[in-house]
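Those protein sequences? They're chains A and B, same order as listed. Note that the working numbering gives residue 8 to position 8 of the first sequence, counting from 1, and the numbers run on in steps of one. Every number in the working numbering is 1000 more than the matching position in the second sequence, counting from 1. The next block holds one structure in the form of structure tokens; read it before the comments.
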Amino acid sequence: MGDYTTGEIRIAADAIREEANKFYKLSERMGKVRETTAALPLPQSSFLIADPATGEITAADLKDAYDRMHGKLTMLFQQATEQFELFGDALRRAADSYERTDAESAVNLKEIWTGK
Amino acid sequence: MSEEGVLRRLTPSTGQGGSAAAEYMPRSLEMLRMGVELLVQLLEEIRSAWGRLLGEVNAFLIRANNEVQRSILARVVEWWTDEVARTLEEIRQTLEQVRVGVDKILSMLQEAVEKSGAVGLLFERAIVYVTWLNSELSDIPEEMDGGINLAYWGGPARIAYDKKLQDQVSAVKNTHAKVKDTGKWLASVGKENIAYLAELGDRVATISGPFAAAIANSSQAAAGNAPQALFALHSLSEVIGQTVAESLQYGVNLTRRLSEVSAQVVDLHSSTADNSGLSGGNWPRVAAV
């Protein structure tokens, strides 16, 4: 860190805060992705077709396969929304820490990424 | 219905993705619904014709039986009158058994076709996956790239940031692949289901011909035309034979259908279980140190 001037550190801190804001916006976008995905359930009837003898079984198998994927995607997008928000928070802390410790040689990585 | 109306009907309530996906919604889906309605109507007509055919053949059998009974009462009993009476009774009993079987087959076909209308929903969902969701997720990794001024940021914190950023990008790429797989899978399942429906339509069309011929003959029989009565019985056997043959073909196709469905299920499970770029199946946690 000692290799950077105060001016360069300020530029870097601003750039890090911009990244933080970008992640807050990405979190909002991911929230919309989650909302859209969550609104895509499919009833068993949409998989049910033509074979009355085994139709219920094949439709149940196909619906189960879709439900697993749909559930996993919805869960992952929910987690992504939260993690992007946390990423933004971590970058803000990184910017603050970078400015604050410009005279020192180390920053507390754990504090930056966990907030603790 | 206007084009706008068709699109509105086909647009699922899917938040952000719904309105965007409407732009891509094929009008063929509305045609599919209309095709299913036509098949249902055709089957309804066949069932109605089948009922009339049975009624008229039964009327012929009763009338023929009455003739035989009158001959007996008139003491003009010949050796063949008993024989004819027995034959007529056997035909009547066989007809009753066949009626139950054909009714079951027709009900099965009708139920299958009526339930097929919902297949359009698979394409509606597929379009949201391959358009709006696909587009959103494909843009995100590029947007996650850091700005140029981050070049002034160095040290351990920067190294940790680069690693964690890469984890997030990898996770986005994993879900992007899953979204594309799901969209293509839904379209593929819908396509197979429609192909199966088309085969069903062919079978309905195949049995409708003999029904039409049988009805023409039976109307003559009911009018008292004895030779036509024999034709009516012959036509009836053709109808039964054709219906049973189509039913058997239906059974043969079921085996193919079951293997296709199994392969489809395996395909999607494979994509669902692919956790590359994720953290034990979950989104990588920022706080993990």
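For every residue, glycine included, the Cβ atom is placed at its ideal position computed from N, Cα and C.
Less than 7 Å between CB atoms is the rule here; does residue i satisfy it with respect to chain A?
| i | result |
| --- | --- |
| L1121 of chain B | yes |
| E1096 of chain B | no |
| A1049 of chain B | no |
| V1265 of chain B | yes |
| V1102 of chain B | no |
| N1314 of chain B | Absent from the structure is residue 1314 of chain B, since the part of chain B shown begins at 1001 and ends at 1289. |
| T1131 of chain B | no |
| N1275 of chain B | no |
| L1255 of chain B | A small fix is needed here, since residue 1255 of chain B is Thr in this sequence, not Leu. Answer no: the Cβ-Cβ gap between T1255 of chain B and chain A never drops below 7 Å. |
| V1286 of chain B | yes |
| L1268 of chain B | yes |
| G1147 of chain B | yes |
| A1043 of chain B | The residue you asked about is not Ala; residue 1043 of chain B is Leu in the sequence shown. L1043 of chain B does not count as touching chain A. |
| V1261 of chain B | yes |
| K1178 of chain B | yes |
| A1118 of chain B | yes |
| T1087 of chain B | no |
| L1150 of chain B | yes |
| K1115 of chain B | yes |
| A1157 of chain B | yes |
| A1198 of chain B | no |
Is residue i near residue j, with beta carbons less than 7 Å apart?
| i | j | result |
| --- | --- | --- |
| V1265 of chain B | D61 of chain A | yes |
| R34 of chain A | T81 of chain A | yes |
| L1150 of chain B | A15 of chain A | yes |
| K63 of chain A | Q83 of chain A | no |
| V1084 of chain B | V1100 of chain B | no |
| M69 of chain A | T1175 of chain B | no |
| K1180 of chain B | N1134 of chain B | yes |
| L91 of chain A | A20 of chain A | yes |
| A1118 of chain B | G1277 of chain B | no |
| E1114 of chain B | V1057 of chain B | no |
| A59 of chain A | F47 of chain A | yes |
| Q1110 of chain B | L1061 of chain B | no |
| K1178 of chain B | L73 of chain A | yes |
| A13 of chain A | E99 of chain A | yes |
| G1147 of chain B | E8 of chain A | no |
| A1160 of chain B | L109 of chain A | yes |
| N1065 of chain B | L1088 of chain B | yes |
| V1286 of chain B | F23 of chain A | no |
| T1094 of chain B | Y1129 of chain B | no |
Are any of the Cβ atoms in chain B nearer than 7 Å to that of residue i?
| i | result |
| --- | --- |
| T58 of chain A | yes |
| K63 of chain A | no |
| T114 of chain A | yes |
| R68 of chain A | yes |
| M1 of chain A | Residue placement at M1 of chain A is flagged as unreliable, the pLDDT there being 47, under the threshold of 50; a coordinate-derived value is accordingly withheld. |
| A139 of chain A | Past the edges of chain A, shown from 1 to 116, lies residue 139 of chain A, and the structure says nothing about it. |
| E111 of chain A | no |
For residue i, is the classification buried or exposed, using 16 other Cβ atoms within 10 angstroms of its Cβ as the cut-off for buried?
| i | result |
| --- | --- |
| D1145 of chain B | exposed |
| G1051 of chain B | exposed |
| P1284 of chain B | buried |
| L1038 of chain B | exposed |
| N1193 of chain B | buried |
| S1259 of chain B | exposed |
| L1007 of chain B | A caution first: L1007 of chain B carries a pLDDT of 36, below 50, which makes its placement in the model unreliable, though a value can still be read off. With 16 or more Cβ atoms within 10 Å of its Cβ, L1007 of chain B is classed as buried. |
| S1107 of chain B | exposed |
| K25 of chain A | exposed |
| I1046 of chain B | buried |
| T1255 of chain B | exposed |
| A1157 of chain B | buried |
I want to know whether the region 1128–1147 of chain B touches the region 18–37 of chain A - three or more CB-CB distances under 8 Å. yes
Contact between the region 1123–1132 of chain B and the region 1175–1194 of chain B: three or more CB pairs below 8 Å? yes
Would you call the region 1152–1165 of chain B and the region 68–81 of chain A touching, i.e. three or more CB-CB distances under 8 Å? no
Chain B contacts made by the region 23–37 of chain A, where a contact means CB separation under 9 Å: F23, K25, L26, R29, M30, K32, V33, E35, T36 and T37
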